[in-house]
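Enquirer: So for the sequence shown, this note's numbering puts the first residue at 9; every next one is plus one. Think of the CB as a built atom: it goes at the ideal place given N, C-alpha and C, for glycine as much as any other residue. Below is a structure I'd like to ask you about.
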Amino acid sequence: MELKALFIGSIGVLAETSELQRQAYNQALRESGIDWNWSKEVYKRLLQRSGGQDRLDMLATATGQQLSATQIEKIHSRKTELACELVASNVVGPRAGVAQIIKEAINDNVQVAWVTTTGKENTGAILNACKESIKRSDFEHIFHRDDVPRGKPEPDIYTVALNHFKVRPEECIAIEDSLNSILSAKAAGIYTVATLGEYHDEHVENIADLIINSLSDTNWSKIRAEHRSAMYDKVA
């Protein structure tokens with residue numbers, strides 16, 4: 009079976025920015041006069057739900073706070089601005105091994121796409137931070153949150169990607185960094201590699217097809233061989 013596409017998932021697959029995102033949320037909340045401070049443990053739990061505005065809405069409901077949809081949108085928009093500034097002002101580079109995996113897949117004539125449900129501001133900030141190691145031209149397409157009605161863990165964004173490239177799920181590999189994102193790719197029927205981010209300690213055994221602590225511990229040939237073996241077992 010010909011392997012046709014590599015889908016890089018959430019921004020956390022490319023770069024570790026969760027701590028900067030947490031700091032940005034706390035500053036945006038302070039600026040809005042809201043007496044919340046998300047500790048690392050709280051933010052880890054909140055990350056189990058995809059989508060920043062959804063997290064704010066969930067926490068407002070859980071704490072009995074009255075936040076309107078307009079307030080939530082404003083806070084999230086400000087958080088995004090702050091997070092992009094923090095990414096630009098800090099030494100943020102690609103996670104170990106991911107740039108090499110992308111380049112090896114491209115050299116293998118496999119289409120590479122970034123299948124995230126974040127906004128364009130965030131992907132732009134990450135690409136600027138990665139400078140020459142990962143470039144916009146490395147991706148055939150970048151998918152964003154506004155491409156679908158529902159975010160991860162729903163499979164919508166991966167379904168859109170499959171249709172865009174006119175490929176079948178078994179002809180693809182997805183690399184993801186969190187449980188919700190893994191569930192999204194798996195729900196679309198795609199072979200999924202897990203490389204969890206530092207703010208994600210979910211149990212993904214028996215969910216992800218392959219778990220790798222760091223992509224620097226492997227290479228594209230090995231990942232492709234694991235995929236080939238799994239597809240052979242599936243039809244055998």
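Identify whether residue 162 lies in helix, strand or coil by the three-state DSSP scheme.
Expert: As a first step, residue 162 must be located in the sequence shown, where it is residue number 154. DSSP places residue 162 in coil when its eight states are reduced to three.
Enquirer: Look up residue 168 in the DSSP assignment and say whether it is helix, strand or coil.
Expert: For the purposes of this step, residue 168 is taken as the residue at position 160 of the sequence shown. The answer is helix: DSSP assigns residue 168 an H, G or I state.
Enquirer: Helix, strand or coil: which one does DSSP assign to residue 184?
Expert: The residue labelled residue 184 in the question sits at position 176 within the sequence shown. The answer is strand: DSSP assigns residue 184 an E or B state.
Enquirer: What does residue 200 pair with, by DSSP beta-bridge criteria?
Expert: The sequence position of residue 200 within the sequence shown is 192, counting from 1. The partner list for residue 200 (beta bridge, DSSP) reads 182.
Enquirer: Terminal residues of the continuous alpha helix (DSSP H) containing residue 104?
Expert: On the sequence shown, position 96 is the one that residue 104 refers to. Residue 104 -> no alpha helix (DSSP H), and no H or E assigned at all.
Enquirer: Would you kindly report the start and end of the unbroken beta strand (DSSP E) that includes residue 123?
Expert: As a working mapping, residue 123 is identified with position 115 in the sequence shown. It spans 119-123 - the beta strand (DSSP E) in which residue 123 sits, taken as one unbroken run.
Enquirer: Closer than 6 Å by C-beta to residue 53: which residues in its own chain qualify, once you throw out the five before and the five after it? Chain order, please.
Expert: Indexing the sequence shown from 1 puts residue 53 at position 45. None.
Enquirer: What is the DSSP secondary structure of residue 75, reduced to helix, strand or coil?
Expert: Along the sequence shown, one-based indexing puts residue 75 at 67. The answer is coil: DSSP assigns residue 75 none of H, G, I, E or B.
Enquirer: Thinking C-alpha only, which one of 183, 207, 206, 210 is nearest residue 199?
Expert: By 1-based counting over the sequence shown, the position of residue 199 is 191. Here the closest residue by C-alpha is 183.
Enquirer: Less than 6 Å between C-beta atoms, sequence neighbours within five positions excluded: which residues of the same chain meet that for residue 122?
Expert: As a working note, residue 122 is residue 114 in the sequence shown. Cβ neighbours of residue 122 beyond the five flanking positions: 16, 147, 150.
Enquirer: Are the CB atoms of residue 7 and residue 13 nearer to each other than 7 Å?
Expert: Residue 7 cannot be examined here, being either before or after the span of the chain that is shown, 9 to 244.
Enquirer: Just to confirm the assignment, what range does the beta strand (DSSP E) spanning residue 3 have?
Expert: Beyond the ends of the chain as shown, which are 9 and 244, falls residue 3; an answer cannot be given.
Enquirer: If we count the other Cβ atoms within 10 Å of its Cβ and call it buried at 16 or more, is residue 211 buried or exposed?
Expert: On the sequence shown, residue 211 is found 203 positions in, with the first residue counted as 1. Answer is exposed; the Cβ neighbour count stays below 16.
Enquirer: Could you work out which residue in 134, 21, 220, 78 is closest to residue 40 when comparing CA atoms only?
Expert: Numbered from its first residue, the sequence shown carries residue 40 at position 32. Considering only alpha carbons, the answer is 78.
Enquirer: When we look at the beta-carbon of residue 43 and count the other beta-carbons within 10 Å, is it buried (16 or more) or exposed?
Expert: Taking the sequence shown and counting its residues from 1, the one referred to as residue 43 is at position 35. So residue 43 ends up on the exposed side.
Enquirer: Return the first residue and the last residue of the beta strand (DSSP E) that residue 13 is part of.
Expert: Here residue 13 refers to the residue found at position 5 of the sequence shown. From DSSP, the beta strand (DSSP E) with residue 13 extends over 13-16.
Enquirer: Tell me which residue opens and which closes the alpha helix (DSSP H) that residue 26 is part of.
Expert: Mapped onto the sequence shown, residue 26 falls at position 18. Unbroken alpha helix (DSSP H) run through residue 26: 26-39.
Enquirer: By Cβ distance below 7 Å, which residues in the same chain neighbour residue 33 in space, the five residues on each side in sequence not counted?
Expert: Here the question's residue 33 lines up with position 25 in the sequence shown. The residues are 46, 87.
Enquirer: Using only alpha-carbon positions, find the residue among 20, 82, 217, 167 that is nearest to residue 237.
Expert: Stepping through the sequence shown from its first residue, residue 237 is reached at position 229. The shortest C-alpha separation from residue 237 is found at 217.
Enquirer: Going by Cα to Cα distance, which pick from 99, 143, 36, 55 is closest to residue 81?
Expert: In the sequence shown, the residue the question calls residue 81 occupies position 73. Of the candidates 99, 143, 36, 55, the one whose C-alpha sits nearest the C-alpha of residue 81 is 36.
Enquirer: Would you mind sorting residue 56 into buried or exposed? The rule is 16 or more other CB atoms within 10 Å of its CB.
Expert: Taking the first residue of the sequence shown as position 1, residue 56 is located at position 48. So residue 56 ends up on the exposed side.
Enquirer: Starting from the C-beta of residue 193, find all residues in its chain whose C-beta is less than 6 Å away, skip the five residues before and the five after it, and write them out in chain order.
Expert: Along the sequence shown, one-based indexing puts residue 193 at 185. Only 166, 182, 184, 200 meet the Cβ criterion.
Enquirer: Buried or exposed: where does residue 73 fall if 16 or more other Cβ atoms within 10 Å of its Cβ makes it buried?
Expert: The residue labelled residue 73 in the question sits at position 65 within the sequence shown. Of the residues assessed, residue 73 falls on the exposed side of the cut-off, its CB having fewer than 16 other CB atoms within 10 angstroms.
Enquirer: For residue 99, count neighbouring Cβ atoms within 10 angstroms of its own Cβ and tell me buried if that reaches 16, exposed if not.
Expert: Taking the first residue of the sequence shown as position 1, residue 99 is located at position 91. Exposed, by the Cβ-count rule.
Enquirer: Is the number of C-beta pairs between the region 173-182 and the region 151-161 that are closer than 8 Å three or more?
Expert: no
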